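Asker:
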Amino acid sequence: MSLFTRQRLFILFVALTNLTLAILLTLNGHPGIPLGVIGVALLPLAWLAGRNPAKASLSQHDGDSYAG
Amino acid sequence: MPVDAVVLFFVLGLAAGILKVRLPFPGGLYQSLTLFLLLAIGLKGGAALAEHASLRIVWQSLMVVGFGITLPLLAFPLLRHVGGLDRINAAAIAAHYGSVSVATYAVAVAVLDATGVAYEPYFPLFVVLLEIPAIIVGLALAKGLSAGLASRELAHETLLSPGIVLMVGGLLIGAFAGDSLTKITPFFMDLFQGVLALFLLKMGLITTEQLSALKQDGPFLAAFGVFMPLLAGLLGALLGDGLGLSVGGCTLLAVLGASASYIAVPAALRVALPQANATLSMAASLGITFPFNVLAGIPVYLLLAQWLSSH
């Protein structure tokens, strides 16, 4: 499984976890909207992961920011 | 359910940042507010420690340190194998997520106070204890076990960072000042919520700056910044329940696990891992995890703690 597939599956898992928690909270009379919004916001990121490898490849950074 | 006033100040800061409003917030004021919060939290914990000192706290402290060691070990493989980060950056981010955010803790305390949920008053001791282990584990992950605190400069930056000194100093003053503490109580305790509100206004502005950095650096970190607090919050609440803490205590331990450092760890890693990219860690911890915890996480951890205590 490629790195970007793993990333997409992970993002999808986190988004669905948030949406599930949001539904559970709402059904039990608690405010679930914040988690729901976060879950929905994460969904398109699953699609975006790896679409622009030059930006998304985190290991390619030169670093050095701490030295500044 | 009404939203806590201090949280709404954070939302105001976020809105101002997104709308690019030029709020005149002097850097010196931000530093003063940080100094105030660290001292006030330390003083409060020290006073409580003087009243409640017992062997039970020593045992709980050891378990909390173990918790602080475990968190970066959970984050690191995720960052390496799913995020695809190199060893140095994965270790640096893992260290941030093993350590704690005092601001998130302060918001959680404000929420608990507002909702009337009791908690162990000596919790600032755990905040201090959780600051350091993750830095050492992060360095060991990046450089191998021999790295530790070998460098004198690094040991100084880690153990004597301004945040640690102010909180430990506050703890000691609070523990040994006795009744004379009442002289400074009006300043440090009564003004706490107002100072926290101003601090969060500034944090909202800073968060929007960090978010723009994250836009360039990948969707994975955004998901990681949401996943890690949920996982660590769950483990923290379970540990708190296992240690026999109150509902408020379980909530606070969940919050401490869920929060990520953006003051103490960056200062230490600036010395220890200058080759790591600070933007990645700061964008995730401050741009994603801090707002996640403040806006969505803390009420969830409170509900989780209440659920655990009733089962």
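So the protein sequences, as listed, match chains A and U. Read in order, the letters of the first sequence are residues 2 to 69 in the numbering used here. Read in order, the letters of the second sequence are residues 266 to 576 in the numbering used here. Virtual Cβ for every residue (Gly too), placed ideally from N, Cα, C. As the structure is a prediction and not an experimental result, all values here were calculated from the model.
Using a Cβ-Cβ cutoff of less than 7 angstroms, which residues in the same chain neighbour U/TYR387 once the five nearest sequence positions on both sides are dropped?
Answerer: Against the second sequence, residue 387 of chain U aligns to sequence position 122. Within the same chain, U/TYR387 has close Cβ partners GLY310, ALA313, LEU314, HIS317, ILE322.
Asker: Do you know how far the Cα of A/PHE5 is from the Cα of A/GLY64?
Answerer: In the first sequence, residue 64 of chain A corresponds to position 63, counting from 1. In the first sequence, residue 5 of chain A corresponds to position 4, counting from 1. Unreliable placement is indicated for A/GLY64, whose pLDDT of 45 sits below 50; the coordinate value is still reported in the next sentence. Each residue's alpha carbon lies about 21 angstroms from the other.
Asker: If we define contact as Cβ-Cβ less than 8 angstroms, is U/LEU479 a contact residue for chain A?
Answerer: Counting from 1 along the second sequence, the entry for residue 479 of chain U is found at position 214. No, U/LEU479 lies away from the interface with chain A (no Cβ there is under 8 angstroms from its Cβ).
Asker: Mind the definition here: the region 511-530 of chain U touches the region 375-385 of chain U only if three or more C-beta pairs lie below 8 angstroms; say whether that holds.
Answerer: At 8 angstroms Cβ cutoff, the stretches touch.
Asker: How many Å lie between A/GLN61 and U/ILE471 at the Cα?
Answerer: The residue given as residue 61 of chain A occupies position 60 in the first sequence. The residue given as residue 471 of chain U occupies position 206 in the second sequence. Here the model assigns A/GLN61 a pLDDT of 44, short of 50, so the residue's position is not dependable, and the following value carries that caveat. Roughly 26 angstroms between the two C-alpha positions.
Asker: Please check if any C-beta of chain U sits within less than 8 angstroms of the C-beta of A/SER60.
Answerer: Along the first sequence, read from residue 1 onward, the residue named residue 60 of chain A stands at position 59. With a pLDDT of only 47 at A/SER60, under the threshold of 50, the placement of this residue in the model should not be trusted; the figure read from the coordinates follows. Yes - at least one Cβ of chain U is within 8 angstroms of the one on A/SER60.
Asker: Rounded to the nearest angstrom, how far is the Cβ of U/LEU372 from that of U/LEU303, given a contact under 8 angstroms?
Answerer: Residue 372 of chain U sits at position 107 when you count from the first residue of the second sequence. Residue 303 of chain U sits at position 38 when you count from the first residue of the second sequence. It should be noted that the sequence gives Val, not Leu, for residue 372 of chain U. Wrong, their Cβ atoms sit about 15 angstroms apart, outside the cutoff.
Asker: Any Cβ of chain U within less than 8 angstroms of the Cβ of A/LEU43?
Answerer: Position 42 of the first sequence, counting from 1, holds the residue named residue 43 of chain A. Closer than 8 angstroms to some Cβ of chain U, the Cβ of A/LEU43 qualifies, so yes.
Asker: What residues from chain A crowd round U/VAL430, counting only those whose CB sits closer than 8 angstroms?
Answerer: Within the second sequence, residue 430 of chain U is the residue found at index 165, counting from 1. Here the premise fails: no neighbours, minimum Cβ distance about 21 angstroms.
Asker: Counting only Cβ pairs nearer than 7 angstroms, list the residues of chain A close to U/PHE492.
Answerer: Here residue 492 of chain U refers to the residue found at position 227 when the second sequence is read from its first residue. Within chain A, the residues near U/PHE492 are VAL15.
Asker: Cβ of A/ILE12 within 8 angstroms of Cβ of A/ALA50?
Answerer: Taking the first residue of the first sequence as 1, we reach residue 12 of chain A at position 11. Taking the first residue of the first sequence as 1, we reach residue 50 of chain A at position 49. Contact flag set, yes.
Asker: Terminal residues of the continuous alpha helix (DSSP H) containing U/SER326?
Answerer: Here residue 326 of chain U corresponds to residue number 61 of the second sequence, with the count starting at 1. It spans 320-342 - the alpha helix (DSSP H) in which U/SER326 sits, taken as one unbroken run.
Asker: Beta-carbon of A/LEU20 versus every beta-carbon of chain U: anything under 8 angstroms?
Answerer: In the first sequence, residue 20 of chain A corresponds to position 19, counting from 1. For A/LEU20, the answer is no, since every Cβ of chain U falls outside 8 angstroms of its Cβ.
Asker: Identify the contact partners of U/LEU279 in chain A, using a Cβ-Cβ distance below 8 angstroms as the criterion.
Answerer: Numbered from its first residue, the second sequence carries residue 279 of chain U at position 14. Under the 8 angstroms cutoff, chain A gives no residues; its nearest Cβ is about 13 angstroms from U/LEU279.
Asker: How many angstroms separate the CA atom of U/LEU479 from the CA atom of A/PRO35?
Answerer: Position 214 of the second sequence, counted from the start, is the residue given in the question as residue 479 of chain U. Position 34 of the first sequence, counted from the start, is the residue given in the question as residue 35 of chain A. Going by the C-alpha atoms only, they are around 20 angstroms apart.
Asker: DSSP on U/GLY490, reduced to helix/strand/coil?
Answerer: Counting from one through the second sequence, the residue named residue 490 of chain U turns up at place 225. U/GLY490: helix per DSSP, three-state reduction.
Asker: Would you tell me roughly how many angstroms separate the C-alpha atoms of A/ARG7 and U/VAL347, rounded to the nearest one?
Answerer: Position 6 of the first sequence, counting from 1, holds the residue named residue 7 of chain A. Position 82 of the second sequence, counting from 1, holds the residue named residue 347 of chain U. Looking at the two C-alpha atoms, the distance is approximately 6 angstroms.
Asker: Distance check for U/LEU431 and U/THR447, CA to CA, integer angstroms please.
Answerer: Against the second sequence, residue 447 of chain U aligns to sequence position 182. Against the second sequence, residue 431 of chain U aligns to sequence position 166. Each residue's alpha carbon lies about 19 angstroms from the other.
Asker: With a cut-off of 8 angstroms, do at least 3 Cβ pairs link the region 455-465 of chain U to the region 520-536 of chain U?
Answerer: No contact exists between the region 455-465 of chain U and the region 520-536 of chain U.
Asker: Please report how far the alpha carbon of U/THR544 lies from the alpha carbon of U/ASP444, in whole angstroms.
Answerer: Within the second sequence, the letter at position 279 stands for residue 544 of chain U. Within the second sequence, the letter at position 179 stands for residue 444 of chain U. Going by the C-alpha atoms only, they are around 45 angstroms apart.
Asker: Since U/ALA488 meets chain A, which of its residues come closer than 9 angstroms, beta carbon to beta carbon?
Answerer: As a first step, residue 488 of chain U is located in the second sequence; it is residue number 223 there, counting from the start. Chain A residues near U/ALA488: GLN8, PHE11, ILE12, LEU13, PHE14, VAL15, ALA16, LEU43, LEU46, ALA47, ALA50.
Asker: On the CB-based measure, 16 or more other CB atoms within 10 Å of its CB, does A/ASN19 come out buried or exposed?
Answerer: Counted from its first residue, the first sequence places residue 19 of chain A at position 18. A/ASN19 should be labelled buried.
Asker: Going by DSSP in three states, U/PHE290 sits in which element: helix, strand or coil?
Answerer: On the second sequence, residue 290 of chain U is found 25 positions in, with the first residue counted as 1. Reduced to three states, the DSSP call for U/PHE290 is coil.
Asker: Considering only residues of the same chain and omitting the five flanking positions on each side of U/ILE209, which have a CB-CB separation below 7 angstroms?
Answerer: Outside the shown range of chain U (266 to 576) lies residue 209 of chain U, about which nothing can therefore be said.
Asker: Are the CB atoms of U/ALA270 and U/ALA462 within a distance shorter than 8 angstroms?
Answerer: Within the second sequence, numbered from 1, the residue matching residue 462 of chain U stands at position 197. Within the second sequence, numbered from 1, the residue matching residue 270 of chain U stands at position 5. Yes. Within cutoff.
Asker: Using the Cα positions of U/PRO337 and U/VAL329, report the straight-line distance between them to the nearest angstrom.
Answerer: Locating residue 337 of chain U in the second sequence gives position 72, counting from the first residue. Locating residue 329 of chain U in the second sequence gives position 64, counting from the first residue. The straight-line gap from Cα to Cα measures roughly 14 angstroms.
Asker: Hey, out of U/ALA487, U/ILE563, U/LEU486, U/LEU466, whose CA is closest to U/ILE283's CA?
Answerer: In the second sequence, the residue the question calls residue 283 of chain U occupies position 18. Looking at the Cα atoms, U/LEU466 is the closest of the given residues.
Asker: Enumerated in chain order, which unbroken segments of the alpha helix (DSSP H) with a length of 4 residues or greater are wholly contained in the region 532-559 of chain U?
Answerer: 543-547, all fully within the region 532-559 of chain U.
Asker: Mind checking if U/ALA548 is an interface residue toward chain A, Cβ cutoff 8 angstroms exclusive?
Answerer: Indexing the second sequence from 1 puts residue 548 of chain U at position 283. Not closer than 8 angstroms to any Cβ of chain A, the Cβ of U/ALA548 fails to qualify, so no.
Asker: Could you check if U/MET493 is buried or exposed, using at least 16 other CB atoms within 10 Å of its CB as the buried criterion?
Answerer: Your numbering for residue 493 of chain U matches position 228 in the second sequence. Classification for U/MET493: buried.
Asker: Measuring only the C-alpha atoms, how far is U/GLN475 from U/ASP351?
Answerer: Within the second sequence, residue 475 of chain U is the residue found at index 210, counting from 1. Within the second sequence, residue 351 of chain U is the residue found at index 86, counting from 1. Distance between the alpha carbons of U/GLN475 and U/ASP351: 21 angstroms.
Asker: Does the beta carbon of U/PRO342 come closer than 8 angstroms to any beta carbon on chain A?
Answerer: The count along the second sequence starts at 1 and reaches residue 342 of chain U at position 77. For U/PRO342, the answer is no, since every Cβ of chain A falls outside 8 angstroms of its Cβ.
Asker: Beta-carbon within less than 7 angstroms of U/PRO389's beta-carbon, same chain only, minus the 5 sequence neighbours each way: which residues are those?
Answerer: One-based indexing of the second sequence puts residue 389 of chain U at position 124. Cβ within range, chain order: ILE306, GLY307, LYS309, GLY310, MET432, LEU436.
Asker: U/MET578 and U/GLY278 look like a contact to me (Cβ under 8 angstroms); what is the Cβ gap, rounded to whole Å?
Answerer: For residue 578 of chain U there is no data in the structure shown, the boundaries of chain U being 266 and 576.
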